[in-house]
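Reviewing the structure listed below.
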Amino acid sequence: PITAFLFDLDGVIVDTAIYHYQAWKRLANELGFDISEEFNERLKGVSRTDSLDIILEHGGLTLPDEEKTQLAAQKNQWYLELVSRMTPEDILPGVANFFSQVRKANLLTAIGSVSKNAPLILERIGLSDTFDAIIDGTKISKGKPDPEVFTKGAAELGVSPAECVVFEDAVAGVEAGRRGGMFVVGLGSPDVLTQADLVAPSLEHLSVQEVLDRAQAVS
Ligand code: BG6
Ligand code: MG
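Shown next, in the form of structure tokens:
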């Protein structure tokens with residue numbers, strides 16, 4: 002049976018995905034090129050250092066490590082300026098209602114985010130004490146699409162991967178959940194999240210029962 006739901010944070014619970022994009026775009030512009038929204042799909046769910054490598058390759062730049070460290074820090078500073086204004090009102094529509102169904106169903110919950118800023122964001126939006134486990138970018142050595150963030154989440158909850166459902170807005174995150182042996186709900190466009198087991202525009206468009214029915218049908 003399904004006993005646990007593992008949630009990505011950025012783009013699933015809160016719309017920080019747009020802030021990551023704005024900060025990376027600003028960095029690319031300063032370096033003399035641009036990134037599109039379509040290109041940005043490749044950055045979603047990917048760690049800070051891996052994202053920078055993908056962006057620099059896109060711009061045709063090869064830079065020494067010290068400079069890359071500085072650029073990553075600059076991007077994070079801009080990102081934090083955007084995030085610092087966040088409040089519980091920034092929680093995405095449907096999340097509160099979905100979580101109350103999750104509690105009624107007695108499911109275990111975890112955050113599986115490669116962001117080192119995840120604890121800060123959870124605090125800003127008032128959800129620090131909502132989850133049974135929080136795996137963030139400081140607890141993992143490999144970012145998505147590696148499954149580590151989700152397999153660690155399952156381990157911390159004391160459940161097997163087959164008992165877990167992953168909720169993801171990113172191509173890399175969907176792949177991570179699938180490689181971890183979990184049922185994956187993609188939140189976004191079915192044209193983008195082609196590897197997900199089930200796709201909906203957002204948590205607002207899903208019920209817990211519907212997810213459990215679909216996940217248990219394939220297990
Ligand atoms: C993920 C985001 O959750 O965290 C990525 O989807 C981001 O866009 C990654 O690069 C790392 O985040 P941070 O906050 O550690 O730079
Ligand atoms: Mg995400």
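The opening position of the sequence shown corresponds to residue 2 in the UniProt record's numbering, with each subsequent residue numbered one higher.
From the three backbone atoms N, C-alpha and C, an ideal C-beta is built for every residue, glycine too.
Predicted, not measured: the structure shown is a model, and the values here were computed from it.
According to DSSP, is residue i part of a helix, a strand, or is it coil?
{"i": "T110", "result": "strand"}
{"i": "V15", "result": "strand"}
{"i": "E169", "result": "strand"}
{"i": "F184", "result": "strand"}
{"i": "F132", "result": "coil"}
{"i": "L200", "result": "Note that residue 200 corresponds to Val in the displayed sequence, not to Leu. Looking at V200 - three-state DSSP - the assignment turns out to be strand."}
{"i": "I55", "result": "helix"}
{"i": "I126", "result": "coil"}
{"i": "F6", "result": "strand"}
Nearest by alpha-carbon distance to residue i: which of the options is it?
{"i": "E211", "options": "A106, D137, K140 and E31", "result": "A106"}
{"i": "G178", "options": "S190, G159 and L199", "result": "L199"}
{"i": "E176", "options": "N41, N30 and G46", "result": "G46"}
{"i": "V219", "options": "S208, A163 and G181", "result": "A163"}
{"i": "S142", "options": "D11, L123, L10 and R49", "result": "R49"}
{"i": "E42", "options": "E58, V166 and I19", "result": "I19"}
Report buried or exposed for residue i, applying the criterion of at least 16 other Cβ atoms within 10 angstroms of its Cβ.
{"i": "I135", "result": "buried"}
{"i": "D81", "result": "Note on residue identity: the sequence assigns Leu, not Asp, to residue 81. Burial call: exposed."}
{"i": "F34", "result": "exposed"}
{"i": "D137", "result": "buried"}
{"i": "S208", "result": "exposed"}
{"i": "R125", "result": "buried"}
{"i": "S52", "result": "buried"}
When you compare only the Cα positions, how much space is there between residue i and residue j?
{"i": "L109", "j": "L158", "result": "7 Å"}
{"i": "E38", "j": "L44", "result": "10 Å"}
{"i": "W25", "j": "S116", "result": "15 Å"}
{"i": "S114", "j": "V172", "result": "14 Å"}
{"i": "V150", "j": "L32", "result": "31 Å"}
{"i": "L83", "j": "L188", "result": "23 Å"}
{"i": "R104", "j": "G95", "result": "14 Å"}
{"i": "I55", "j": "I14", "result": "25 Å"}
{"i": "D11", "j": "G60", "result": "25 Å"}
{"i": "L123", "j": "V193", "result": "27 Å"}
{"i": "T17", "j": "T152", "result": "24 Å"}
{"i": "D214", "j": "A155", "result": "20 Å"}
Check each residue's C-beta against every heavy atom of ligand 2 and list, in chain order, those closer than 6 Å. D9, D11, G12, V13, A18, K45, G46, D170, A171 and G174
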